[in-house]
Ligand SMILES: [Fe+2]
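In the working numbering, the protein residues as written are 9 to 124.
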C-alpha cells in the first residue's frame, strides 16, 4: 500500500519471535502495572545521541491517547504514563526515531477482575 501523504505508517515486528536488529532497537516495550505503564524503546535500548534519538513516545489506552512525552538527546528512551490499567483492554505505544521513523507495539490485557 503506497501512501501519498506525509503520514507514515508505523512499523512493528514482522516476526515477534525473530526480531531484526532494527526492530529490537525501535519497537516500544510496554510494562503495565495497576496505575501506570512504562514504555521503553526498545528491547535493546535505542541510542539518544545528538543526530539520532527517539523524539517522542506516545501511549494509547483502548485507542485513545493517554499522553505524549517528548524526549531530547541524552535522556533515557523511556516514559511512564498514568493509566487505570484494570479498566483497560488494550494498550498501544508509538515511538518516533528521527532517522528510522515511527514504530509501534500493542498488548491486550486480560481482565483479572471477577465478574460482578
Ligand atoms: Fe533509530
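For every residue, glycine included, the Cβ atom is placed at its ideal position computed from N, Cα and C.
- Under DSSP, residue 60 takes part in a beta bridge, and its partners are 57.
- Judged by DSSP in its simplified three-state form, residue 67 adopts strand.
- Shortest gap from the CB of residue 33 to any heavy atom of ligand 1: under 7 Å.
- In the DSSP assignment, residue 102 falls within the unbroken beta strand (DSSP E) covering 98-105.
- Apart from sequence neighbours up to five positions away, the residues of its chain that approach residue 109 with a beta-carbon distance below 7 Å are 16, 19, ordered along the chain.
- Residue 107 has its Cβ nearer than 7 Å to a heavy atom of ligand 1.
- A distance of 8 Å or more separates the beta carbons of residue 101 and residue 116.
- According to the DSSP assignment, residue 33 belongs to no beta strand (DSSP E) but to the alpha helix (DSSP H) extending over 29-34.
- Taken atom to atom, the span from the alpha-carbon of residue 103 to that of residue 57 is near 16 Å.
- Here the C-alpha atom of residue 63 lies approximately 13 Å from the C-alpha atom of residue 48.
- Distances from the CA of residue 105 to each of 44, 43, 66, 24 were compared; the closest alpha carbon is that of 66.
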